Amino acid sequence: CVVVFFLQVLNEKKLQEVDSLWKEFETPEKANKIVKLKHFEKFQDTTEALAASTALVEGKLSKNLKKILKKIVAKDAHEQLAVADAKLGGVIKEKLNLSCIHSPMVTELMRGIRSQIEGLIAGLPSREMAAMCLGLAHSLSRYKLKFSPDKVDTMIIQAISLLDDLDKELNNYIMRCREWYGWHFPELGKIITDNLTYCKCVRKVGDRSNFASSDVSDILPEEIEEDVKAAAEISMGTEVSEEDINNIIHLCDQVIEISEYRTQLYDYLKNRMMAIAPNLTVMVGELVGARLIAHAGSLLNLAKHPASTVQLLGAEKALFRALKTKRDTPKFGLIYHASLVGQSNTKNKGKISRMLAAKTALTIRYDALGENTSAEMGAENRLKVETRLRLLEERGIRRISGTGKALAKTDKYQNKSEVKVFDPSGDSTLPVVSKKRKIQEVDEQDTEVAVKAKKFKAEMK
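Under the UniProt record's numbering, think of the first position of the sequence shown as 1, with each following residue one higher.
Have a look at this one:
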């Protein structure tokens, strides 16, 4: 059983010396001189004790504690009640109108009582006390974790991390398979572009000489099957041994198994995201939502982030590099991969990502802290973002002149081939004057100058 008890302080003067209060609890004898047992009551089972402990942790007043306080403390209403939690003291004072005190002295007093609890409560063996504490601690830890298969974001973090790892491994395996089998049948890689279909075809047929007698209609369409068989007859690939083909087939088996498991894991992640964060999933999709949760550490941690941080999650390096070099900061991080941002053009991606981050932050808090598990809020906010995106896209094709309300109208294009001849008459409007003077004009000017010179000499005489 688990117990609850009240202790009464006997010597209040010694409590004033906070720094040396620990000396009064060095031994059980000294502790009994400071405090004594006032009331002792046990819980019926661990469940009742867990409910009371949970209420204390959350700063709430449980029903059992309320009854005990009314019975015991009401008799000594003039006394003060020492509480270790200030929030709990406020609740007790509000509901029961009892004077409560919370100070460093109370903290030291509680620490001393815990150290000498076995000596203060008679008839309680230490082994039973340890077992009770351990059982209650385990129960309280389970409650704090709130372990529920439907509400654990840790599963999402592990699933999205594994999904990324599987994608990397699949790319490596497929690249190796295509390059390895390409030495034997290089034409097959150009005909079959789908990686999974390529591996299934190689696993079923093996050597290229078997393509002529093999039926791969369940894997390939009829037209592609004919092309593959025709290419196998005139292939320029080198011959390989049966052992080499077996190793390639084993690699194809690995690729197919990993691809099937990846599909199963994606379905699991999708269902888990709809159970834990349905509104976030509706807003940005299950993959982007899961990556945001994994980047923040948990859904609750993500709910504490403002919208501006949600917008830039995943672009921390670019952000701090831009701040250091005094350049333009990034406009989006992981949220760039959301479908709404991908639908917008390059000019509007920043605006849409900012608005999407603001609405996403609201849906995250609703999922993390709300009691309702419906996805109506996410659908409403997504509709608002889509409407805003449509307005921004339409604004780009509106008329520049006029009222700006009417959409731009485009006339039907008609090709008009008109040959125009260049008119040189419009090049200049100045009269054409020759810069060279004629010989007669020069002779006349010389004669005039000579006559004027003779007249000037005659006048001087």
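All residues carry an ideal CB built from backbone N, CA and C; glycine is no exception. Note that the structure is a prediction, hence the values are computed from the model and not measured.
So who's on the other strand from residue 101, going by DSSP bridges?
82
Does the stretch 165-184 touch the stretch 224-233, meaning 3 or more C-beta pairs lie closer than 8 Å?
no
Where do the ends of the beta strand (DSSP E) carrying residue 349 lie?
Element bounds for residue 349: not the beta strand (DSSP E) but the alpha helix (DSSP H), 349-369.
With 16 as the cutoff for other CB atoms within 10 Å, does residue 394 come out buried or exposed?
exposed
Taking residue 132 as the reference, give the member of 193, 45 and 448 with the closest Cα.
If we check each option's Cα against that of residue 132, 45 comes out closest.
Give me, in chain order, the residues of the same chain whose beta-carbon lies closer than 6 Å to that of residue 88; leave out the 5 immediate sequence neighbours on both sides.
59
Can we say the stretch 340-353 touches the stretch 363-373, given the rule of at least three CB pairs closer than 8 Å?
no
Sort 28, 195, 453 and 101 by Cα distance to residue 82 and report the nearest one.
Of the candidates 28, 195, 453 and 101, the one whose C-alpha sits nearest the C-alpha of residue 82 is 101.
Under 9 Å between the Cβ atoms of residue 382 and residue 359?
yes
Taking only runs of the alpha helix (DSSP H) that begin and end inside the stretch 183-260, which ones reach a length of at least 4 residues, in chain order?
187-191, 195-205 and 222-233
What residue does the alpha helix (DSSP H) around residue 343 start on, and which one ends it?
Element bounds for residue 343: 339-343.
Measure from the alpha carbon of residue 386 to the alpha carbon of each residue in 374, 344 and 230, then state which is nearest.
344
Just to confirm, is the Cβ distance from residue 249 to residue 202 under 9 Å?
yes
Top-ranked residue by Cα proximity to residue 114, from 204, 35 and 377
35
Measure the alpha-carbon distance for residue 252 versus residue 130 and round it to whole angstroms.
58 Å
Excluding the five sequence neighbours on either side, which residues of its own chain have a C-beta within less than 7 Å of the C-beta of residue 143, listed in chain order?
Leaving aside the five residues that flank residue 143 on each side, the residues in its chain whose CB is nearer than 7 Å to its CB run, in chain order, 50 and 54.
Quick check: what's the CA-CA separation for residue 47 versus residue 332?
48 Å
Can you tell me which of the three DSSP states residue 116 falls into?
coil
If you run the structure through DSSP and keep just helix, strand and coil, what is residue 89?
helix
CB-CB length for residue 334 against residue 288, believed under 8 Å
The pair is a contact, with the Cβ atoms about 6 Å apart (cut-off 8 Å).
Identify, in the order they occur along the chain, each residue of the same chain with its Cβ nearer than 6 Å to the Cβ of residue 312, setting aside the five sequence neighbours on each side.
319 and 333
Within 10 angstroms of its Cβ, does residue 17 collect 16 or more other Cβ (buried), or is it exposed?
exposed
Chain D contact for residue 251 (CB, 9 Å cutoff):
In the structure shown, chain D does not exist; there is a single protein chain.
Note the first and the last residue of the continuous alpha helix (DSSP H) segment covering residue 378.
376-395
Run through DSSP, which three-state label would residue 139 get?
helix
Alpha-carbon to alpha-carbon, residue 299 and residue 272
13 Å
DSSP state of residue 121 mapped onto helix, strand, coil
coil
Span separating the alpha-carbon of residue 296 from that of residue 266
If I take the Cα positions, the gap works out to 21 Å.
With a threshold of 8 Å on Cβ separation, who are the neighbours of residue 95 within its own chain once the five nearest residues in sequence on each side are excluded?
61 and 66
For residue 60, name the three-state secondary structure that DSSP assigns.
coil
What would DSSP say about residue 503, mapped onto helix, strand or coil?
This structure gives no information on residue 503, because the portion of the chain shown stretches from 1 to 461.
From residue 99 to residue 278, what does the alpha carbon distance come to, in whole angstroms?
46 Å
Our contact map puts residue 485 next to residue 269 with C-beta atoms below 8 Å; I'd like the distance itself, whole angstroms only.
This structure gives no information on residue 485, because the portion of the chain shown stretches from 1 to 461.
Is the beta carbon of residue 40 closer than 9 Å to that of residue 121?
Closer than 9 Å, so yes.
Where residue 323 and residue 153 are concerned, what is the direct C-alpha to C-alpha distance, given to the nearest angstrom?
33 Å
Helix, strand or coil, according to DSSP, for residue 27 in the structure here?
coil
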